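Contents: one structure, followed by commentary.
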Amino acid sequence: MGNCIVPYCDGPKNTNVRWTLPAVCFVWQTAMVILFGAFVRYNKEVDAHWPETKIHENITSDIENDFYFRYPSFQDVHVMIFVGFGFLMTFMKRYSFGAVGFNFLIAAFGIQWALLMQGWFHHIDSTDGMIKIGVENLINADFCVASCLIAFGAVLGKVSPVQLMVMTLFEVTLFAVEEYIILNLIHANDAGGSMVIHAFGAYFGLAVSWVLYRPNLKESSQLNGSVYHSDVFAMIGTLFLWMFWPSFNSAICKHGDGQHRAAINTYLSLAATVLTTFAISSLFQKHGKLDMVHIQNSTLAGGVAVGTAAEFMLMPYGSLIVGFFCGLISTLGYIYLTPFMERKLKIQDTCGIHNLHGMPGVIGGIVGAISAAGATESVYGQQGLINTFVFKDDFKHRTPAVQGGYQAAAMCIAVSFGIGGGILVGLILRMPLWGDPTDDNCFDDEVYWEVPEEEDSADPVLQYNNHTVVNKHAEV
Amino acid sequence: MGNCIVPYCDGPKNTNVRWTLPAVCFVWQTAMVILFGAFVRYNKEVDAHWPETKIHENITSDIENDFYFRYPSFQDVHVMIFVGFGFLMTFMKRYSFGAVGFNFLIAAFGIQWALLMQGWFHHIDSTDGMIKIGVENLINADFCVASCLIAFGAVLGKVSPVQLMVMTLFEVTLFAVEEYIILNLIHANDAGGSMVIHAFGAYFGLAVSWVLYRPNLKESSQLNGSVYHSDVFAMIGTLFLWMFWPSFNSAICKHGDGQHRAAINTYLSLAATVLTTFAISSLFQKHGKLDMVHIQNSTLAGGVAVGTAAEFMLMPYGSLIVGFFCGLISTLGYIYLTPFMERKLKIQDTCGIHNLHGMPGVIGGIVGAISAAGATESVYGQQGLINTFVFKDDFKHRTPAVQGGYQAAAMCIAVSFGIGGGILVGLILRMPLWGDPTDDNCFDDEVYWEVPEEEDSADPVLQYNNHTVVNKHAEV
Amino acid sequence: MGNCIVPYCDGPKNTNVRWTLPAVCFVWQTAMVILFGAFVRYNKEVDAHWPETKIHENITSDIENDFYFRYPSFQDVHVMIFVGFGFLMTFMKRYSFGAVGFNFLIAAFGIQWALLMQGWFHHIDSTDGMIKIGVENLINADFCVASCLIAFGAVLGKVSPVQLMVMTLFEVTLFAVEEYIILNLIHANDAGGSMVIHAFGAYFGLAVSWVLYRPNLKESSQLNGSVYHSDVFAMIGTLFLWMFWPSFNSAICKHGDGQHRAAINTYLSLAATVLTTFAISSLFQKHGKLDMVHIQNSTLAGGVAVGTAAEFMLMPYGSLIVGFFCGLISTLGYIYLTPFMERKLKIQDTCGIHNLHGMPGVIGGIVGAISAAGATESVYGQQGLINTFVFKDDFKHRTPAVQGGYQAAAMCIAVSFGIGGGILVGLILRMPLWGDPTDDNCFDDEVYWEVPEEEDSADPVLQYNNHTVVNKHAEV
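Rendered as structure tokens:
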């Protein structure tokens, strides 16, 4: 598909989004207000009737409100979404505004749309037909948006904010369907979303990037690289993702041991990943010099890969093993696979999401399937097995071995949804009305942002006299 | 008042704070030690007698200690105060040290003084006349300091650290009085401080800035603007404020549904604000380019405006509506109102706090009054209504409609206190002994900071050989 | 020792770590996997048998799981370790990659090794001989690593990543022994680790730096300084350390009043430190200008010094007094002591850890000893005294006065272990096989990192055309 889109790239392009971007933002936000008015209410732990709920349900203390079980984890996840993903993508020398700004925009829209979509599938109160939300819904909305931001990483610098909004609209919708199939119909377990979030988001983004292939991207490739300070900014993103990943993987786990175990497994897996990432990065460079791209990205692969099995009895050493191999595979991916995919498969993956989310997500699905299939009552305890895999109601006769099979099926579904949905949405995004940049304007904030004049640091006198004054508040 | 201060600006100025700043810091810190010694003790949840308290009050578990209800929110608020406000103000090309450094200084002083002032008004233990503090006091002290940092935003770059300390001293004092009147005497509800913190702080700062009007500020206006990296630094502040605002608005709410509801309302309001901010920013610029000033600031307006009503049954769609209009109004404020205020009203508002805190704070007060007046027992439940509005003791016969009136009165009081107090303190700050900078020295870290030599990035050889060595630890 | 190492510095050096760094990372990470497999399991609050544990131990709610008492504090500590320490050290103009990257590497290795070492000493389950881990172990592992990162601060920019890994291996080992002696054998109390972490880590690092003295370091001293933006990056580290220090000191305190009190004492101490740091910094500079080095570092000294006594009934004013003097002493240390130590004692302390961790750590030990010795039943209550000092089992007859003596002894042990261990490890690090940089290559990321080409900001046309394209993902 890459080679047939010459007409798409040659024509003169209009990157002015002065009408389309405000229109999209206003119309969609208005739609959100109306839909929330029609469909969304507080759940019983949020509602002012909580004192009555406590009496009815024999709850002795306010501390039993789900808020206190999940809010700290929610805030950590929130930081990952907005600062983690946002700053991770600021690494390019002239696309930091776009990275952190568009990340902000699509996440803010995505969480609202996700609350609705996930609500319709999962949280309808049958008594009044309303979606009832609480802190767990906020976490799930943030999770859903994570898959959009992963896909954003593949097309970073090559699309307009309007395209990103369109992509987010469709991706959230598809996500909710995929999630419903995997978690409810198939009844797979995916606490940290290796499959549902990471594999889906990555293959979605790669498919979009494939459809939007830009054969002449070399023209702007001077900008497709970092400068010293932008690499340090990106490390802010890396570290907040890395540190809070235990919260990500444990945020919606079962109260008590479930959350506790998921956090510890993730902590260990991530620690192991760092060492193997440094090892491979040094080993495959001339003179053994480390590459910031690897350190910024591959160190996170262990968090992705331990997601599905985070709540399982993976054991501390099991987590370390997962992290060990993911750091290795992910870094090798940056060194060999990304250039290969760009040259041969016509997939331009700006941030290398295939190495950070794609492969580790698939590995996570496989680890989840194997560890579910191998679960035994001696390791989990009778009640523990039921709790962990929710072998209740319709699924009370399911065995661990069968569960393993369903976990594997879930992984295939996530990848298929990603690829299929990505191609579909990519085709929509190729329509010539979204204001995307030309090939030689990619990776440049000038296209969509008022960028301040540069300092002439060579001459401090010139610096203060010679160039246009940028008064931040007086311009229209 | 702006036009009568020519003498104030023309004389030679001495910006050397070598004696005044240390004197102020030492004397005031010593005073804090003495006053804390005389007046401040731990409350019963902090004191080592807690095991006995548990028995007396029939508390079954340590988890019932207020620490576990509020500490995670406290830490989020703490990040907003020091990193959020601090980095939001680093946007100027040569005032990042002053932004983050003076923010640090005045917040560190302010929280101590606030613990005392708020303690005297709210937390005197009648048995021994002592102020008893716990985690809730720390949050309230941080809140109080937030109003000082808002005012700092109006005068950023135009005052000396000594002036800032003086301003903080008086503002905290006034804040405690205003807060006592609004929360205790009038018995208004203001969980997130739209009125008490934001409206008060903003109008205080604007009044100070009006009194300190600098007619020749154009001379330093080359520095009153951003460079590329400083705008990215400012986004760190923006995002930490944005992400943790749900904690801000819920931190001192009632246990259980109160905190839960406030967090969700704020989350939703902020999400809506982002979309309308992007829309207006793009719509009012030539070529539809986005302006970082709007993204950094107006995206936060929804958090301010939902503050008063955060704990009320505002409903998810209600929160979205509040956020929707605040993003719109705040961004338009940056585009039209700030230049107008500078030209016509002689109010120089460096960070545009009127758009981020002033107007949204007033809107928040109005939203609070309306939603309180409209509260019904069917929506809140009988007990829920009493809990939410604290219709107890002296106020047990108050109705929601009456409460709405008092809420509106509270808003007027906050604004009046802000304007009146700001003029008063502004006059004190005009005394020619505080070491403030001349007009052409504004927005420049050189005045109060040892600034490292610039890199000559044009020539890497020169860069390493030609300029003065800055050895960080060997200079005196 | 400094003067006898000419041969060590003169020979041609090979800084290529292409084989040694990967070898160390792979072998040690593999060892971790094996040792974790042999020795580490989940504790009963993490294990899937938790539902049974709840029944056996009559625990009524999942919220009683230690996870909910400690996880928020753990995450704050985690941020301090990776972002706090990492970014605090990015202040140098050309060593930000090394600062934040090597910090990441050694912390990720250190936490794994610490879980094992501390586990063997403290957490062996006698029924099966396994180390049983939970969230408290993660906090302790992070604590242990903090001492390694403190030592890293002394040698920052002057060692290779392989040396850092070796140093971490030995320092964690020594730490576990020292900690066992102080906490278990001597039964001293050190909630925030003033002695165990800070004094030990600082004197260890200083001793290593002494052994590795570089007489010709002046040659690279052009790089031993900051630029404007790097100082702002360092403030990110400072602030996250400052804000989360209350969590650090309270993270492993007793449930309830213990954690609550430790957080409040630390909050107050740190606030006081800021004011005295600003005072001294201004007072001792010509023209009263503030020095970023002091603001970045000395403002944190109060958190170190209140560590040991954080859980004690230090009283709010007591905490302020500790902070007051530490800001003063620490800043004076940067002004007078660090240059003196470099010239006379041949100790090159890149980050001035002696002022931030060494002296305040010792002060913390002394404060702890005095406040323990002065503890009375009237202040603590009978049960409170037993709880706070754990006067139980073998120590049930110990009195506060005796405890004070043991606290003082603990402080001496920590310092002795630091100095002795540091000299030993320093000698190991002097072996000429670790790839350390030559004197004129110190403080330069070029040695171990692929550093992106500089922007030519003088000429924007040149900037985009003239220099080598850095394509982040296509290089091998």
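Chains as they are written, first to last, in full-length UniProt numbering: chain F, 1 to 476; chain X, 1 to 476; chain G, 1 to 476.
The beta carbon of each residue, even a glycine, is placed where N, CA and C say it ideally should be.
The structure presented is a predicted model; accordingly, all values stated were derived computationally and were not measured.
- request: Return the chain-ordered ranges of every alpha helix (DSSP H) run that is complete within the region 235 to 308 of chain F and spans a minimum of 4 residues.
  value: Counting only runs that start and end inside the region 235 to 308 of chain F, the alpha helix (DSSP H) elements of at least 4 residues fall at 257 to 283, 292 to 297, 301 to 305.
message: List, in chain order, every chain G residue whose beta-carbon is nearer than 8 Å to that of H357 of chain F.
response: The residue labelled residue 357 of chain F in the question sits at position 357 within the first sequence. Those do not exist, as H357 of chain F stays about 15 Å from chain G at its closest Cβ, beyond 8 Å.
Buried/exposed call for E179 of chain G, threshold 16 Cβ in 10 Å: Residue 179 of chain G sits at position 179 when you count from the first residue of the third sequence. Buried, since its Cβ has 16 or more Cβ neighbours within 10 Å.
message: From the DSSP secondary-structure annotation, give me the bridge partner or partners of V40 of chain F.
response: Taking the first sequence and counting its residues from 1, one reaches residue 40 of chain F at position 40. Its beta-bridge partners are F:I131.
- prompt: Out of X:G101, X:E52, X:F152, which has the shortest C-alpha to C-alpha gap to G422 of chain X?
  reply: Taking the first residue of the second sequence as position 1, residue 422 of chain X is located at position 422. By alpha-carbon distance to G422 of chain X, the top candidate from X:G101, X:E52, X:F152 is X:F152.
- request: Return helix, strand or coil for W449 of chain G, following the three-state DSSP convention.
  value: Residue 449 of chain G sits at position 449 when you count from the first residue of the third sequence. Here W449 of chain G sits in strand by DSSP.
task: Under 7 Å between beta-carbons, which chain G residues line up against H49 of chain X? List them in chain order, please.
output: As a position in the second sequence, residue 49 of chain X is number 49, starting the count at 1. Neighbours of H49 of chain X on chain G, chain order: G381, G384.
query: For the alpha helix (DSSP H) that L105 of chain F lies in, which residues bound it at each end?
result: As a first step, residue 105 of chain F must be located in the first sequence, where it is residue number 105. In the DSSP assignment, L105 of chain F falls within the unbroken alpha helix (DSSP H) covering 96 to 122.
message: So within the region 322 to 355 of chain X, which uninterrupted beta strand (DSSP E) runs reach at least 3 residues, ignoring any that extend past its ends?
response: With a minimum length of 3 residues, there is no unbroken run of beta strand (DSSP E) contained wholly in the region 322 to 355 of chain X.
- request: Just mark N57 of chain X as buried or exposed, buried being the case when its beta carbon has 16 or more other beta carbons within 10 Å.
  value: Looking up residue 57 of chain X in the second sequence gives position 57. For the record, residue 57 of chain X in the displayed sequence is Glu; it is not Asn. So E57 of chain X ends up on the exposed side.
task: List the residues of chain G that W28 of chain X touches, going by C-beta distances under 8 Å, in chain order.
output: As a first step, residue 28 of chain X must be located in the second sequence, where it is residue number 28. By Cβ distance, chain G contributes L275.
query: Are the region 164 to 179 of chain X and the region 411 to 426 of chain X touching, with three or more C-beta to C-beta distances below 8 Å?
result: When C-beta atoms of the region 164 to 179 of chain X are compared with those of the region 411 to 426 of chain X, three or more pairs fall below 8 Å, so the two segments count as touching.
task: Would you mind telling me which residues of chain G sit closer than 7 Å to D291 of chain F, beta carbon to beta carbon, in chain order?
output: Counting from 1 along the first sequence, the entry for residue 291 of chain F is found at position 291. E450, listed in chain order.
- prompt: Where do the ends of the alpha helix (DSSP H) carrying G384 of chain G lie?
  reply: Along the third sequence, read from residue 1 onward, the residue named residue 384 of chain G stands at position 384. The continuous alpha helix (DSSP H) containing G384 of chain G extends over residues 382 to 389.
message: Quick check: V208 of chain F and G426 of chain F, are their CB atoms within less than 8 Å of each other?
response: Stepping through the first sequence from its first residue, residue 208 of chain F is reached at position 208. Stepping through the first sequence from its first residue, residue 426 of chain F is reached at position 426. Between V208 of chain F and G426 of chain F, the C-beta gap is smaller than 8 Å, which places the two residues in contact.
query: Can the beta-carbon of M89 of chain F be found less than 8 Å from the beta-carbon of L156 of chain F?
result: Start at 1 with the first residue of the first sequence, and residue 89 of chain F comes out as number 89. Start at 1 with the first residue of the first sequence, and residue 156 of chain F comes out as number 156. Yes. Within cutoff.
field: Residue nearest to I34 of chain G in terms of C-alpha spacing, selected from F:S319, F:E45, F:D125
entry: Start at 1 with the first residue of the third sequence, and residue 34 of chain G comes out as number 34. Nearest of F:S319, F:E45, F:D125 to I34 of chain G, Cα basis: F:S319.
- prompt: For A234 of chain F, which residues from the same chain have a beta carbon less than 7 Å from its beta carbon, with the 5 sequence-adjacent residues on both sides left out?
  reply: Translated into the one-based positions of the first sequence, residue 234 of chain F becomes position 234. In chain order, F87, L88, T90, F91, Q296 place their CB closer than 7 Å to the CB of A234 of chain F, counting only its own chain and leaving out the 5 sequence neighbours on each side.
message: Under 7 Å, CB to CB, which of the residues in the region 218 to 230 of chain G have a partner in chain X?
response: Correct list: S221, Q222, N224, G225, S226, V227, Y228, H229.
- prompt: DSSP puts D125 of chain X in a beta bridge; with which residues?
  reply: Within the second sequence, residue 125 of chain X is the residue found at index 125, counting from 1. DSSP lists X:M130 as partners of D125 of chain X.
- prompt: What residues match up with S226 of chain G in a beta bridge as DSSP calls it?
  reply: As a working note, residue 226 of chain G is residue 226 in the third sequence. According to DSSP, S226 of chain G bridges with G:M92.
task: Take the Cβ of R343 of chain X as the centre, count every other Cβ of all protein chains shown within 10 Å, and call the residue buried at 16 or more, exposed below.
output: Within the second sequence, the letter at position 343 stands for residue 343 of chain X. Residue environment for R343 of chain X: exposed (fewer than 16 other C-beta atoms within 10 angstroms of its C-beta).
query: How many Å lie between R398 of chain X and F391 of chain X at the Cα?
result: The residue labelled residue 398 of chain X in the question sits at position 398 within the second sequence. The residue labelled residue 391 of chain X in the question sits at position 391 within the second sequence. Straight-line spacing of the CA atoms in R398 of chain X and F391 of chain X works out to 6 Å.
- prompt: Using a C-beta to C-beta distance shorter than 7 Å, which residues of chain F count as neighbours of G256 of chain X?
  reply: Within the second sequence, residue 256 of chain X is the residue found at index 256, counting from 1. Near G256 of chain X (Cβ distances below 7 Å), the residues of chain F are W50, D62, N65.
field: chain F within 8 Å of Q259 of chain X, Cβ atoms only
entry: For the purposes of this step, residue 259 of chain X is taken as residue 259 along the second sequence, with counting starting at 1. Judged by the 8 Å Cβ criterion, Q259 of chain X is in contact with chain F.
- prompt: Does any C-beta atom of chain F lie closer than 8 Å to the C-beta of C144 of chain G?
  reply: The count along the third sequence starts at 1 and reaches residue 144 of chain G at position 144. By the rule that beta-carbons nearer than 8 Å mark a contact, C144 of chain G does not touch chain F.
Neighbouring residues, chain F, relative to V172 of chain X (Cβ below 9 Å): Numbered from 1 along the second sequence, position 172 holds the residue referred to as residue 172 of chain X. In chain order: nothing, as chain F lies at least about 28 Å away.
- prompt: By the 10 Å Cβ neighbour count, where 16 or more other Cβ atoms means buried, how is P400 of chain X classified, buried or exposed?
  reply: Locating residue 400 of chain X in the second sequence gives position 400, where the first residue counts as 1. Result: buried.
- request: Run the CB neighbour count on W449 of chain F, radius 10 Å, all protein chains shown included, and call it buried at 16 or more, exposed below.
  value: As a working note, residue 449 of chain F is residue 449 in the first sequence. By the neighbour-count rule (16 or more Cβ atoms within 10 Å), W449 of chain F is buried.
- prompt: Are the region 324 to 337 of chain G and the region 269 to 279 of chain G in contact at 8 Å, needing three or more beta carbon pairs?
  reply: Three or more pairs of CB atoms, one per stretch, sit closer than 8 Å, so the region 324 to 337 of chain G contacts the region 269 to 279 of chain G.
- request: Taking H49 of chain F as part of the alpha helix (DSSP H), name the residues at either end of that continuous run.
  value: Locating residue 49 of chain F in the first sequence gives position 49, counting from the first residue. Premise fails: H49 of chain F is in no alpha helix (DSSP H) and is neither H nor E.
task: Determine the DSSP secondary structure at P72 of chain X, reduced to helix, strand or coil.
output: For the purposes of this step, residue 72 of chain X is identified with residue 72 of the second sequence, where counting begins at 1. If DSSP states are grouped into helix, strand and coil, P72 of chain X belongs with the helices.
field: Under 8 Å from the C-beta of N16 of chain F: neighbouring residues of chain X
entry: By one-based count along the first sequence, residue 16 of chain F stands at place 16. When 8 Å is used as the limit between beta carbons, N16 of chain F is near these residues of chain X: H287, G288, in chain order.
- request: Give the secondary structure of H357 of chain X by DSSP, where H, G and I count as helix, E and B as strand, and everything else as coil.
  value: Sequence index remark: in the second sequence, residue 357 of chain X carries index 357 (1-based). Correct three-state label for H357 of chain X: helix.
message: The alpha helix (DSSP H) that contains A401 of chain F, what's its start and end?
response: By 1-based counting over the first sequence, the position of residue 401 of chain F is 401. Counting along the chain, A401 of chain F sits inside the alpha helix (DSSP H) bounded by residues 400 to 429.
- prompt: Any idea what DSSP makes of Y156 of chain F, helix, strand or coil?
  reply: On the first sequence, residue 156 of chain F is found 156 positions in, with the first residue counted as 1. One detail in the question is off: residue 156 of chain F reads as Leu in this sequence, not Tyr. Three-state result, L156 of chain F: coil.
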